[in-house]
Amino acid sequence: MVYWVGTSWKMNKTLAEALAFAKALAGFAPGFDQRIQPFVIPPFTAVREVKQALASTRIKVGAQNMHWADAGAWTGEISPLMLGDCGLDLVELGHSERRQHFGETDHTVGLKTAAAVRHGLIPLICVGETLAERESGKADAVLTAQVEGALQFLEGEARGAKILFAYEPVYGGSVNPGNAAELIGQPNIDGLFIGRSAWRAQGYIDILQRASAAI
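Mapped onto our numbering, the consecutive letters of the sequence shown carry residue numbers 432 to 646.
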């Protein structure tokens, strides 16, 4: 089994900060556990440079969002063709912040998932219920709708594509060096999607090492 362990930087890091992180990470990359697939998801302004800085490593690089269309009158959007042009490996889709603040729906996540697969990108689909949904007994229905919505437009061979799901209950805590080993040691968990605890290179490396020791 390969454990995917990575981090998304959200709207953080200038280009200089992103490159400093990538170069520090590249220095440790040869010692990473082969059972773990590391990945980082910078802001759009740094994806190409971070990808280039990590080109000699196994570390995969992704984007935080994309549109489902290849091109068109979609001001401010990024297409899967553009992500491919940057040499990216994966794309994060359906994060709770995009669902809450930018009108993302299960339908649009489905369109984006199909577009990502069509262009050879690995979709990293975020799913998770709110505390209110959990307490009202709706968690299973919400999660089922999110997963089915994300996969609804995949047809034929695309249904066998590699797709990652990150379960992030909106009310939950976050992965950190103190709980990384315990979490990844759970029987139904095969990866970690980390927030601010991995925004420093050494913090991310620490979590990778702890995860390695626990699997």
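Virtual Cβ for every residue (Gly too), placed ideally from N, Cα, C.
Note that this is a predicted model, so its numbers are computed, not measured.
For the options 460, 600, 505, 646, the alpha carbon positioned closest to that of residue 485 is the one of 460.
Contact fails between the stretch 609 to 623 and the stretch 566 to 574, because fewer than three Cβ pairs, one in each stretch, are under 8 Å apart.
Assigned with DSSP and collapsed to three states, residue 476 falls in helix. Contiguous beta strand (DSSP E) elements confined to the stretch 523 to 605 occur at 553 to 558, 595 to 598, taking only those with 3 or more residues. Note that the stretch 503 to 514 does not touch the stretch 459 to 474; fewer than 3 beta-carbon pairs, one per stretch, sit closer than 8 Å.
Rounded to whole angstroms, the Cβ separation of residue 449 and residue 481 is 5 Å, and the two are in contact under 8 Å. Taking the Cα positions, residue 636 is about 10 Å away from residue 628. When rounded, the separation of the alpha-carbon atoms in residue 582 and residue 538 is 9 Å.
Where residue 487 is concerned, there is no enclosing alpha helix (DSSP H), because DSSP gives it neither an H nor an E. Here residue 439 is bridged, per DSSP, to 472.
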